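Enquirer: Before I ask anything, here is the structure I am working with.
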Amino acid sequence: VDGLTFLNNQAAYIKNKKELDKNIKNGISFTIVVFDICDIKKINENYGDDTGNMAILDAANLMKSVFCPDNIYRYNNNQFVGIFYNISEDDLKILFSKFEEKIDLLNKTPNLYKVPLVISKGYAIYNANIDNDCNDTFNRAKIEMYNDK
Numbered sequence: 082v083d084g085l086t087f088l089n090n091q092a093a094y095i096k097n098k099k100e101l102d103k104n105i106k107n108g109i110s111f112t113i114v115v116f117d118i119c120d121i122k123k124i125n126e127n128y129g130d131d132t133g134n135m136a137i138l139d140a141a142n143l144m145k146s147v148f149c150p151d152n153i154y155r156y157n158n159n160q161f162v163g164i165f166y167n168i169s170e171d172d173l174k175i176l177f178s179k180f181e182e183k184i185d186l187l188n189k190t191p192n193l194y195k196v197p198l199v200i201s202k203g204y205a206i207y208n209a210n211i212d213n214d215c216n217d218t219f220n221r222a223k224i225e226m227y228n229d230k
């Protein structure tokens, strides 16, 4: 468990990913979502690490309020990964819309980091025709996340 956000940590993600890779040939349906808190370095440099941690915590709490927290992992300082099973693309888009609404609401309230919280996101649905393993799906999701910046 990540000590700041109380979400799963990177070690838990790696363990889950290995387990998923073992079972990938069984036709399991999963989607990987990658989230990135934009400008966290700027927040840390201008307002201090404690303020940056507050932004990370706010982002994590927003994710928890929309997505199943058991399926979200803090991947590194400002990136999070979600692994979701048997979710349709339409349902995922609805969740993304709710997530954006919550970010907009948070940005309308005064906060310590003095800049809008911006979280880019991308997803990829596992496709046996193009993905050899979870890493391939993750890499496609990460490309989509960068396109969202």
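My numbering puts the sequence shown at residues 82 to 230.
Positions of the beta carbon are idealized from the N, C-alpha and C atoms, including for glycine.
Here the structure is a predicted model, which means the values were calculated and not measured.
#1: In the DSSP output, which residue or residues are listed as bridge partners for V162?
#2: I'd like to know if the stretch 132-140 and the stretch 192-211 are in contact, where contact means that at least 3 CB-CB pairs between them fall below 8 Å.
#3: On the premise that I200 lies in contact with D117, defined as a C-beta separation below 8 Å, what is that separation, rounded to the nearest angstrom?
#4: Quick one: Cα of A75 to Cα of K99, how far?
#5: So, under 8 Å CB-CB, I95 and T218 are touching, yes? Tell me the CB distance rounded to an integer number of Å.
#6: Whether or not the stretch 145-162 and the stretch 173-181 are in contact is what I'm after, with contact meaning three or more pairs of Cβ atoms, one per stretch, closer than 8 Å; do they touch?
#7: Can you give me the Cβ contacts of D102 inside the same chain, cut-off strictly under 7 Å, excluding the 5 residues immediately before and after it?
Expert: So, from the data block:
#1: V115 and Y154
#2: Segments in contact, yes.
#3: Contact flag correct, Cβ pair sits at about 7 Å.
#4: Any question about residue 75 goes unanswered here, given that the chain covers just 82 to 230.
#5: The Cβ separation is near 15 Å, so there is no contact.
#6: yes
#7: D214 and C215
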